[in-house]
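What follows is a set of notes on a single structure, which appears directly below.
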Amino acid sequence: MVVSIEVDQNGKVTKAIAGVKGSTNTAACLLKPAKEAALKTKWNAALNAPSKQRGTIIYKFSLSK
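Dropping the structure here:
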């Protein structure tokens, strides 16, 4: 599952969109957990960075018994 993110200068993910181009599985039951996980992610602060930086996170979900 590919999640598109926007990160502010403080390293906080301010926007996350799950299931973007490149995702191999866009099942509704996985979209919300992927988005929530991305929003909890914290990156290194960089006050000299642009106010918004964009990137992607790839989550791999697997089934367990």
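Going letter by letter, the sequence shown gives residues 0 to 64 in numbering that gives the first Met the number 0.
A virtual CB, placed ideally from N, CA and C, is assigned to each residue, including glycine.
In this text, all values refer to a predicted model and were calculated from it rather than measured experimentally.
How should LYS34 be labelled, buried or exposed, when 16 other C-beta atoms within 10 angstroms of its C-beta is the threshold for buried? Within the sequence shown, numbered from 1, the residue matching residue 34 stands at position 35. Buried: at least 16 other Cβ atoms inside 10 Å.
Does DSSP classify LYS39 as helix, strand or coil? On the sequence shown, residue 39 is found 40 positions in, with the first residue counted as 1. Residue state for LYS39 is assigned as helix, using DSSP reduced to three classes.
Given a cut-off of 8 Å on the beta-carbon distance, is the pair THR55 and VAL1 in contact? Counting from one through the sequence shown, the residue named residue 55 turns up at place 56. Counting from one through the sequence shown, the residue named residue 1 turns up at place 2. Their beta carbons are under 8 Å apart, which means THR55 touches VAL1 by this criterion.
Would you kindly report the start and end of the unbroken beta strand (DSSP E) that includes VAL1? Here residue 1 corresponds to residue number 2 of the sequence shown, with the count starting at 1. If you look at VAL1, you'll find it in the beta strand (DSSP E) that goes 1-6.
Spatial neighbours of GLN8 in its chain, beta-carbon cut-off 7 Å, leaving aside the 5 residues before and after: Within the sequence shown, the letter at position 9 stands for residue 8. Take GLN8, set aside five residues on each side of it, and the residues of its chain with a beta-carbon closer than 7 Å to its own are ALA44, ALA45, LEU46, ALA48 and SER50, in chain order.
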